[in-house]
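Residue numbers (the numbering used here): 26 to 328.
For each residue, glycine too, the CB sits at the ideal point set by N, CA and C.
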Amino acid sequence: MRSVERVLLGFNKYAFHWFFPELVALEYGFFAENGLEVELVSLKGGVAVEKSDLYVDAMRSGRTDFYHCGEWVGVVRVLKKTAGRIAAQSKPAPGTLNSSFTIFVGGGSGVSSPRDLAGKSIAVEAGTGSFYAARADLEAYLKPDEIMLVSISEPHERLKALAEGRVDAANLLGPWAKVASRLGFKPVLTTRRDNPTLLFVADRLSDDVVARLVKSLNKAVEKVNKNPGEFNSLYLRYVLEVAEEGGLERSWLKGLESEVLVDRWSPWEPYPYSRLAAVSSWMLERGLVAEVPGEDAVRSSFW
26 MRSVERVLLG FNKYAFHWFF PELVALEYGF FAENGLEVEL VSLKGGVAVE KSDLYVDAMR
86 SGRTDFYHCG EWVGVVRVLK KTAGRIAAQS KPAPGTLNSS FTIFVGGGSG VSSPRDLAGK
146 SIAVEAGTGS FYAARADLEA YLKPDEIMLV SISEPHERLK ALAEGRVDAA NLLGPWAKVA
206 SRLGFKPVLT TRRDNPTLLF VADRLSDDVV ARLVKSLNKA VEKVNKNPGE FNSLYLRYVL
266 EVAEEGGLER SWLKGLESEV LVDRWSPWEP YPYSRLAAVS SWMLERGLVA EVPGEDAVRS
326 SFW
């Protein structure tokens, strides 16, 4: 009989939308079906916390056994010797959470095209895909010295900063992009991503446990993709909790329950080192990293 393995998931509630397949797998018992006892461990983000450090430190200290992040951020994290490696990728596709980022501006801002963002303050988050996506997207329209990125740690805080006029624009996705649209903020740049989301797993997990973990997550992804609306109540519960804790106006969320809020995901699949090397080279050319990670940064033995 297969033993039950305890696995820790470091969870930042403010970024719950990135953890949603995990939350579904917990709620519906998919981890348990595969002999895994997954425990949520609260990781606190915040204004002064960079996510690269938050998750790297959590994995080093044994407070999480897996997490996922954007591809560019993944390069930074493997170079920080996170005590884990890249195990899988979830590719962007139409309707998936990682398929696009959108930069929003105020309706009366006078900004009508990406070129108008020259010298404007744009809220992103240092150490996450939000930063690298904005940088890559804006390079098509602006010179490097015209791009003014301002780090604001949590996505709901970026929306709040835009609403309060503390920044000229904000890079948003998921539920906060939907709220921004409802509040009348104007999307000025939306681009399709081709960068996958990466799954990191701790070195301490055996190949068997990692395989069971991926199987559980992919069952959750399959269920969500089949009928996203079925999971709206679970998703909305977290939106409301984050809004309350983050001091957002309750009126901003009025009528939100009438929308299908849940984004789709692509199944987790193997991630080739050749892809990591190519992305790392792009970052190296721009001075964003000092080297290209070695092949041992990718773990594929469990597939």
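Once the 5 residues before and after residue i are set aside, which same chain residues still bring their CB inside 8 Å of it?
i: Glu320; result: Tyr298
i: Arg140; result: Tyr166 and Leu167
At what residues does the beta strand (DSSP E) containing residue i begin and finish?
i: Tyr92; result: Phe91 to Gly95
i: Phe55; result: Segment Phe55 to Glu58 is the alpha helix (DSSP H) holding Phe55; no beta strand (DSSP E) there.
i: Ser67; result: Leu61 to Ser67
Counting along the chain, where does the alpha helix (DSSP H) carrying residue i start and finish?
i: Ala268; result: Asn257 to Glu270
i: Arg183; result: Pro180 to Ala188
i: Glu52; result: Phe45 to Glu52
i: Leu242; result: Asp232 to Lys251
Below 7 Å CB to CB, which residues in the same chain sit around residue i once its five sequence neighbours on both sides are set aside?
i: Val246; result: Pro46, Trp290 and Pro292
i: Glu284; result: Lys203
i: Glu189; result: none
i: Ser305; result: Val100, Val314, Val317 and Pro318
What did DSSP end up calling residue i once you bin it into helix, strand or coil?
i: Phe36; result: strand
i: Val72; result: Note that Val72 has pLDDT 49, beneath the 50 cutoff, so the model's placement of it is unreliable and the number below is only indicative. Correct three-state label for Val72: coil.
i: Ala108; result: coil
i: Pro212; result: strand
i: Val103; result: helix
i: Arg289; result: strand
i: Ser326; result: coil
i: Ala194; result: strand
i: Ser276; result: helix
i: Glu294; result: strand
i: Glu30; result: strand
i: Ser86; result: coil
i: Leu79; result: helix
i: Leu301; result: helix
i: Val317; result: coil
Between residue i and residue j, how many whole angstroms is the CB-CB distance? I'm expecting something under 8 Å.
i: Asp228; j: Arg88; result: That belief does not hold up - the Cβ atoms of Asp228 and Arg88 are roughly 15 Å apart, past 8 Å.
i: Phe56; j: Val63; result: 4 Å
If you drop the 5 nearest sequence neighbours on each side, which residues of the same chain put their C-beta closer than 6 Å to that of residue i?
i: Val72; result: Note on Val72: pLDDT 49, under 50, position unreliable in the model; no value is reported.
i: Asp193; result: Lys145 and Ser146
- What are the complete alpha helix (DSSP H) segments, minimum 4 residues, inside the segment 122-169? 154-163
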